[in-house]
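Written out below as structure tokens is the structure these notes cover.
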Amino acid sequence: MNKAKNLAFSYSYILPSFILTVVLGIYPIAWAMRYMFYDYKGYGAEKFIGLDNFTRVLKDHEFWNSVVNTFVYAGGKLVLSIPLALILAVLLNQRIRGRNLLRAIIFMPTIISTAVMAVVFFTIFNSYNGILNQFLMKYKLIGSAVDWLGVDYSMLTVILVAVWGAVGNYMLLFLAGLQNIPEDVYESSALDGANKLQQFRYITIPMLGPVMQMIIMLAIINALKGYESIMVMTDGGPVGKTNVMFLYVYKLFFPTAGSGAATQIQEMGYGSAVAFVTAVIVGLITILYFYGSKRMSQYE
Amino acid sequence: MKKKLWTAALCVAIIGGISACGSKESSNPESGSSGAKTKITYWTGDRHDSEYIKELVDEYNQTNPDHIEVELVIKGDDFDQALDMSFQTSEAPDVIRVKENTIQTFYKKGFLAPIDEFMTDELKEKFPLMDNLNSFDGKRYSLPNYGTTMRLIYNKELFEKAGIASPPTTLDELVADAKKITEVGKGSGAYGFAQNFKSPASALGRSARVIAEVSGYGGFGYDFKTARYDFSPFKPIIEAFKQIKDDGSMLPGVESLDIDPLRAQFAEGKIGMYLSFSAEAGVYQSQFPAKIDWAAAPAPSIDGSFKGASGFLGGQWLAISSKTQEKEAAWKFMQYMYNDSTLKQYQEKGFGIAMVPSVSEAAATPSVKGIEGFLPNKYDGVWPVAPTVAVQGTKSDDAFFKYIVSGGDLDAITADLNQRYNSALDAAKASGEVKAEPMPDFDPAKLAGQYTK
Amino acid sequence: MKIASRAVMWVFLLLVAFLTLFPVLITILGSFKTNAELTAGATVMPTIWQFSNYAEAWKQANFSTYTVNSLFVAVTSTIGILFVSSMAAYVVNRMEFPGKKAYVGMQAFTMFVAIGAVVLRPQFELMIKLHLHNTLWGVVLILISAHASAFFILQSFMTGIPKELDEAARIDGCSRGRTFWTIVLPLLTPGLGVCALFAFRGAWNEYLLPFVFTLSKPELQTLTVGLANLKYGVSAASQTHYMMAGACLSILPILVVYLFANKSFMKMTAGSLKG
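Respectively, the protein sequence lines represent chains D, R and V.
For the first sequence, the UniProt record's numbering assigns the number 300 to the last residue and increments by one with no breaks.
For the second sequence, the UniProt record's numbering assigns the number 453 to the last residue and increments by one with no breaks.
For the third sequence, the UniProt record's numbering assigns the number 275 to the last residue and increments by one with no breaks.
Structure follows, in structure tokens:
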């Protein structure tokens with residue numbers, strides 16, 4: 001009796017989410033992804049070709065190059081942004097002067113429209129008259145202009161910009177997570193003579209456990225999926241150095257014919273197949289992470 | 001406190017809801033009163049002429065005797081995507097702006113309705129028929145209005161400073177001039193040459209393309225004579241660009257340069273020359289007022305001999321949607337838009353270069369500074385359209401750009417491109433998507449000079 | 001020692017703040033330049049302050065009309081996401097029921113796939129059947145349907161709220177539902193705050209959805225659609241200066257929401273946990 005009631009309660013609470021996700025999330029994805037078995041260019045015949053698109057994926061150097069780039073990009077972004085966000089959250093969770101202003105400042109980058117970022121970061125990073133080079137050369141930190149958006153450094157630059165744009169998000173999530181840690185835990189440990197570092201290691205980190213596990217999971221997924229800021233800054237270039245896998249998928253679906261360029265073909269079928277493979281990659285990494293980090297969520 | 005927040009949020013939501021619902025209702029009444037007005041929509045992705053188009057449409061709505069009311073919708077970069085969506089969702093417009101690199105796709109997607117039934121002999125005489133540009137499989141879908149020419153745009157002051165008498169006509173001169181300009185200009189931060197390689201397709205589509213075309217080769221690597229792809233004619237062009245880059249005569253950072261920052265630097269006098277379209281003249285008049293004296297010259301050819309035609313892009317403007325319920329009205333509107341005085345105005349106001357022979361004879365030179373160099377000369381002409389193929393792997397522009405920045409074996413690169421483009425072409429031919437027959441008598445030199453005054 | 005570590009902390013914080021703020025400053029300063037000056041990028045400060053950029057952006061992007069639509073979409077979808085995801089998060093966190101794992105897997109799956117606008121067509125066709133195309137409610141529903149990350153965030157925050165609290169409430173005769181709404185939800189304020197902020201920001205910046213749904217109803221367009229139009233002017237070059245001004249104007253509402261969200265990170269819940 002009670003069990004039936006509990007089930008009814010559970011299902012009724014999950015129902016709105018379930019219906020919305022299935023109807024407006026899963027169904028449209030399935031609708032579009034069926035094209036992965038077709039040769040379809042967005043018009044004309046939809047030709048069933050079985051797994052041909054997948055054999056093409058296996059041989060597609062540009063795609064696998066973009067997968068490698070994605071790992072470099074996501075790895076760099078995570079390694080820099082997560083610790084930074086956590087440290088900032090802990091520092092700005094203290095009662096210190098100006099913490100609200102500092103929080104607001106660090107949040108700011110996350111609300112600037114991606115569309116204008118291209119211009120802003122070109123102003124800063126371009127090798128011809130970029131602000132960064134002029135500054136570095138003025139103080140003799142570099143001898144000649146560095147091409148921050150060129151072949152050698154563009155990946156570093158897009159990672160730095162990604163970190164700039166992401167730290168605010170993760171700091172806020174960590175800050176929200178920190179509110180769940182009762183202050184008296186810190187107080188009593190301080191009485192026991194624990195210093196700030198020890199508190200961080202033995203109270204903050206473990207008690208943040210499940211929240212931290214989730215934040216890192218979201219960060220991994222976002223880092224693997226991120227492409228918008230890269231698209232506006234380098235468009236995957238130069239010579240594919242910053243081409244990440246979701247940008248590659250995007251371009252298969254939405255090729256743009258700039259003025260003077262030849263007519264472009266939309267690779268609806270092949271794009272779906274590549275999108276599927278990328279989803280599998282993201283899913284596998286997430287699941288791996290999830291099992292690897294099980295210990296984090298053990299806190300009760 | 002929290003309660004207040006929620007109440008405030010709810011209030012905003014309700015107000016928003018009311019206004020959203022209100023506007024939904026307001027559009028309904030018209031459909032009830034039949035016969036009063038015939039409503040059609042016109043969609044364009046053009047922004048440069050938007051003010052003028054608005055004027056024209058307003059005037060038409062007020063003056064036309066057939067009670068046709070045109071709703072004008074102006075879109076941007078997302079025009080193609082929006083149009084796709086509109087056809088998938090039965091909200092398609094009645095009249096559509098088509099371009100030389102969209103009309104084929106729109107035709108294949110079945111967006112366009114033929115207009116042959118309206119074509120009188122007089123109209124046929126007046127508006128040149130261009131295969132694959134305004135007509136497909138023997139049916140006509142659009143009419144030309146204005147077009148775009150491609151030129152070498154150069155900074156006269158820097159040329160003078162470097163002691164260069166006239167703009168380059170060969171690739172060797174292009175390389176040498178870029179070097180000379182850089183030598184005299186570098187002190188003040190000026191460089192000989194620039195290309196917007198943030199998008200290699202856009203950069204080479206306005207430079208290598210036209211150099212190949214004036215030299216007698218298809219601008220996208222397609223050989224019309226043999227109906228095969230052959231990228232080897234691009235080798236000297238790509239080598240020249242690489243040389244300019246290696247000489248240090250290219251503006252630093254071209255790898256990530258977009259067209260607008262390139263234009264801004266040119267307007268500041270930091271770039272000796274570059275290749276681009278006739279739209280540049282308007283840019284230096286309004287958005288980036290040029291601080292220097294500049295001019296446009298015919299693009300150089302590979303070795304100085306002109307065996308082809310400098311691509312004159314265009315041949316189409318408006319088309320009628322295949323889904324329109326009001327084809328007659330749509331055509332009436334199209335006729336109004338294609339009247340002589342409007343077409344003349346298009347050139348005179350500097351929106352583009354007239355492509356209708358009777359109009360270009362009558363229209364005055366545009367009022368935009370620097371446009372003279374862009375007007376059709378004996379080298380300009382309309383190329384046939386190369387078949388569109390779904391090539392697998394790296395596109396030609398990306399492969400060439402990679403060679404320009406990081407070197408490699410250009411012969412191997414072109415061989416690989418030829419192989420992949422031709423196998424894509426064979427596949428497209430086999431499936432019937434593309435018809436590509438050899439044209440043994442094709443002579444690119446004959447394309448040139450059809451639009452000279 | 002203490003002073004030294006405080007000094008290190010402040011140097012670090014100020015450095016981070018400076019590096020973070022610098023591109024923001026460039027954006028704001030850029031919004032006061034002419035297009036040529038901004039695009040050429042040779043200056044940091046505007047040579048002549050172009051206050052008219054803001055007037056032009058306001059006018060050309062139809063700010064006064066479109067802001068109302070944007071607020072409607074952002075506020076309703078934020079509220080919807082909070083309701084839908086917190087309810088689901090609660091039962092997933094607290095209850096056992098068949099199909100739970102499948103549900104969580106499904107939510108995760110929606111996050112792994114990113115095919116962008118390709119899903120718009122089936123979504124739009126669904127909305128035609130519901131007669132919600134050409135309204136902003138269609139946009140709102142689709143935005144609410146994408147609540148996977150809010151679900152995961154809230155779920156993890158729930159783990160931090162002791163189950164004993166629920167049980168105590170149950171013993172006092174509270175129904176499950178009442179326990180959720182009156183005991184658990186208030187303790188979830190920080191998580192709800194940050195989810196609300198992210199949901200609001202996401203909806204506010206959403207471009208393609210409102211763009212597609214308002215194709216034939218320009219009066220329903222949102223601000224992002226208007227802002228995208230700022231790019232195009234009378235010539236082939238982008239009107240970057242107006243885009244910058246428009247972007248600066250459009251961040252103000254999110255900042256306001258941020259200020260409210262920030263209040264929820266103020267140690268307001270710590271005490272009640274002792275319950």
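Backbone N, C-alpha and C fix where the C-beta goes; we use that ideal spot for every residue, glycine too.
All of these numbers come straight from a predicted model, not from anything done at the bench.
If I'm right that residue i touches residue j with Cβ under 8 Å, what's the distance once you round it to whole angstroms?
| i | j | result |
| --- | --- | --- |
| R/G219 | R/W383 | 7 Å |
| residue 349 of chain D | D/Y289 | In the structure as shown, chain D starts at 1 and stops at 300, and residue 349 of chain D therefore has no counterpart that could be examined. |
| V/I153 | V/G80 | About 16 Å; that fails the 8 Å criterion. |
| R/Y284 | R/Q195 | The Cβ separation is near 18 Å, so there is no contact. |
| D/Q266 | V/S156 | About 39 Å; that fails the 8 Å criterion. |
| D/I112 | V/T27 | 6 Å |
| R/S301 | R/S396 | No, R/S301 and R/S396 are not in contact; Cβ-Cβ is about 20 Å, not under 8 Å. |
Hey, out of the options, whose CA is closest to residue i's CA?
| i | options | result |
| --- | --- | --- |
| V/V213 | V/L25, V/N69 and V/F198 | It is Phe, not Val, that sits at residue 213 of chain V in the sequence shown. When each option's Cα is compared against that of V/F213, the closest is V/N69. |
| R/E160 | R/T148, R/V184 and R/R140 | R/V184 |
| R/D77 | V/L227, V/I251 and V/V257 | V/L227 |
| R/I353 | R/Q392, R/N196, R/D247 and R/G311 | R/G311 |
| V/L19 | D/L91, D/F107 and D/V67 | D/F107 |
| R/A296 | R/F288, R/A279 and R/D303 | R/A279 |
| R/E437 | R/A113, R/K429 and R/L171 | R/K429 |
| R/V57 | R/A330, R/P261, R/M355 and R/A448 | R/A330 |
| R/H67 | R/K402, R/R420, R/K332 and R/A424 | R/K332 |
| V/L220 | V/L132, V/A236 and V/A89 | V/L132 |
| R/D172 | R/I211, R/Q325, R/G205 and R/R206 | R/I211 |
| D/L178 | V/T189, V/V140, V/V118 and V/A146 | V/T189 |
| D/N126 | D/V151, D/R103, D/Q198 and D/S272 | D/V151 |
| R/P114 | R/A165, R/K99, R/G138 and R/A309 | R/G138 |
| R/M334 | R/E122, R/F106, R/D131 and R/N145 | R/N145 |
| D/K41 | R/F106, R/F224, R/N64 and R/A36 | R/F106 |
| D/L156 | D/R97, D/V185 and D/G236 | D/G236 |
| V/T34 | V/K263, V/A261, V/V92 and V/H241 | V/H241 |
| R/S199 | R/L152, R/D258 and R/L251 | R/D258 |
| V/A40 | R/M337, R/S367, R/T170 and R/D260 | R/D260 |
Starting from residue i, follow the beta strand (DSSP E) in both directions and report where the run begins and ends.
| i | result |
| --- | --- |
| R/W317 | Here R/W317 belongs to no beta strand (DSSP E), and DSSP marks it neither H nor E. |
| R/G192 | Y191 to F193 |
Look up residue i in the DSSP assignment and give the residues it is bridged to.
| i | result |
| --- | --- |
| R/L72 | R/Y42 |
| V/Y232 | V/S238 |
| R/R206 | Answer is none; R/R206 lacks a bridge partner. |
| D/D192 | Its beta-bridge partners do not exist; DSSP assigns none. |
| R/G311 | R/G381 |
| D/D39 | D/K47 |
| R/Y229 | R/Y222 |
| R/M250 | R/F193 |
Tell me which residue opens and which closes the alpha helix (DSSP H) that residue i is part of.
| i | result |
| --- | --- |
| V/R121 | L120 to K129 |
| D/W31 | Y27 to M33 |
| V/N69 | F63 to R94 |
| D/I216 | G209 to K225 |
| D/G168 | S154 to L178 |
| V/P253 | L252 to K263 |
| D/F276 | M268 to G292 |
| V/I115 | V/I115 -> no alpha helix (DSSP H), and no H or E assigned at all. |
| D/K3 | N2 to T21 |
| D/L261 | A small fix is needed here, since residue 261 of chain D is Ala in this sequence, not Leu. Premise fails: D/A261 is in no alpha helix (DSSP H) and is neither H nor E. |
Start-end ranges of the alpha helix (DSSP H) lying completely within the stretch 159-225 of chain V, minimum 4 residues: 163-171, 189-205 and 208-213
Whole alpha helix (DSSP H) elements within the stretch 271-306 of chain R, 4-residue minimum: 280-285
task: Enumerate, from N- to C-terminal direction, the unbroken alpha helix (DSSP H) stretches of 4 or more residues contained entirely within the stretch 80-132 of chain D.
output: Correct list: 99-107 and 114-125.
message: Report the start-end ranges of each beta strand (DSSP E) in the stretch 131-171 of chain R that is 3 residues or longer and not cut off at the edges.
response: As far as the stretch 131-171 of chain R is concerned, its whole beta strand (DSSP E) runs of at least 3 residues are 150-155.
task: Counting only runs of 3+ residues fully inside the stretch 91-134 of chain R, write out the beta strand (DSSP E) ranges in chain order.
output: 95-97
- prompt: Fully enclosed by the stretch 327-379 of chain R, which alpha helix (DSSP H) runs are 4 residues long or longer?
  reply: For the stretch 327-379 of chain R, whole alpha helix (DSSP H) runs of length 4 or above, ordered along the chain, are 327-337, 340-348 and 357-362.
- prompt: What are the start and end residues of each continuous alpha helix (DSSP H) run of 4 or more residues lying completely inside the stretch 2-74 of chain V, in chain order?
  reply: 2-30, 35-40 and 52-60
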